[in-house]
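Residues in the sequence shown are numbered consecutively from 1, following the UniProt record's numbering. Here a beta-carbon is modelled for each residue, glycine too, at the ideal position from N, C-alpha and C. Below is one structure, written out as structure tokens; comments come after it.
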Amino acid sequence: MKTTKINKTSKNKPTTPDDLAALKKELKNAIQQCDFARAKQLDAHIKSLQRQNSDTEFEKKKMTSKLKFNITRESIGKEIIQCQMKANQEETRTINEFQKRMLKLKEDHQRENQLLDEKLAIELEKAYTRPVPEAESIKTYAQKQATLGNFNVAEQAMEEYKEIHTKSIQQRTDDLIIKFHQDQMVVTARQEAQLANCNDKLQNALKSIRDNLALEISRKNGELNSVSLRFGLGPLREESMIRPVQINNENSDVMQSSLISTAKSPKPKTTGRLSMLATAKSPRMTPK
């Protein structure tokens, strides 16, 4: 019985369903003709082609899945960049808002400090002009002695009057200045606490923005992992995860640095207060 040579299909050339159908027909004919050697060859060849087709189809599906995955990854990557840009804009808006709050606080603090200064000046003026009853009685006595012609006694009484009057005024001003510094310490502590609280709120707001961004990136990577599993590519590998892109936001950094600096309240100016202290010790304290 004559055996026909089997034409091997090129590995690079895909086997069509018609090719397989023709080979199966030959196999059937070979069996009918009892050409079992040829039937064996045809059967092995058909199975080889089927395996080859299966492998080729698998590779095609794998390549298609990878292509779809990469397209999805690129799309999700763009979404993450948009999320980052939105977060940066939100940071800038937040810093601007808190910068206005800080400046308003500092303006309020300056007015409050000025009112303290003015209050001290008024109280010092009152301390200078308010009579000292004990000294005034001695002054009246000196005047009476002078009327009687006892000028030596009057002069001695007047010296005593000046000493008592000066000490009384000095004590008044010292008490006022001590009270002023006590009030100043309380006010300064409260002002610093207000600025620190405002800065803490800013940092918490910025942390919330960044935490939300990190959560969104994690969620997007979770979506990408689901896509990878759906396409039969397995769990998302570490190197395939989308990382945050460094977006230049120098303006936000500069504003935040400036805002933190603003939160450090400077010590109240003491020029006016030192002037008051000098005035308190001036010759005005010595009665004429």
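- Going by beta carbons, L206 and T64 fall outside the 8 Å limit.
- With respect to the C-alpha of P244, the residue from S218, G222 and L236 having the closest C-alpha is S218.
- Check the Cα spacing between C198 and each of K47, G77 and E97: the tightest is with E97.
- Scanning its chain for C-beta atoms nearer than 8 Å, with the 5 sequence neighbours on each side dropped, one finds around I242 the residues R73, I76, G77, I80, I217, K220, N221 and L224, in chain order.
- When the Cα atoms are used, I178 and E123 turn out to be separated by approximately 12 Å.
- Taking a 10 Å sphere around the C-beta of K139, we find 16 or more other C-beta atoms and assign the residue as buried.
- When C-beta atoms of the segment 156-169 are compared with those of the segment 124-137, three or more pairs fall below 8 Å, so the two segments count as touching.
- The three-state secondary structure of R243, taken from DSSP, is coil.
- F69 is positioned such that its CB atom lies no closer than 8 Å to that of S226.
- DSSP, reduced to helix, strand and coil, places C34 outside both helices and strands of the structure shown, so it counts as coil.
- For the 8 Å CB-CB criterion, L236 and K66 do not form a contact.
- Taking the Cα of C83 as reference, the smallest distance to any Cα among A157, L215 and E238 is reached at L215.
- Burial state of I71 is exposed, judged by a 10 Å Cβ sphere holding fewer than 16 other Cβ atoms.
- A straight line joining the alpha-carbon of A127 with that of Q171 spans about 9 Å.
- In this structure, L42 and E26 form a Cβ contact; the two beta carbons are roughly 6 Å apart against a cut-off of 8 Å.
- Going by beta carbons, Q194 and L115 fall outside the 8 Å limit.
- Annotated three-state conformation of V132 is coil, per DSSP.
- Inter-residue distance for Q110 and F151 is about 54 Å (C-alpha atoms, whole angstroms).
- Using a 10 angstroms sphere on the CB of M102, the tally of other CB atoms reaches 16 or more, which defines it as buried.
- A direct Cα-to-Cα measurement between Q52 and M85 gives close to 49 Å.
- Each residue's CA atom was taken as its position, placing E90 and E112 some 33 Å apart.
- Its Cα nearest to that of Y141, the residue M158 stands out among V186, R130, M158 and T129.
- Residue range F151 to R230 is occupied by the alpha helix (DSSP H) that includes L229.
- Between A39 and I31, the C-beta spacing is below 8 Å.
- Note on D18: under 16 other CB atoms within 10 angstroms of its CB, so exposed under the neighbour-count rule.
- Across the structure, T92 and K60 are spaced so that their CA atoms are roughly 48 Å apart.
- In this model, A87 and S208 are separated by some 10 Å (Cα to Cα).
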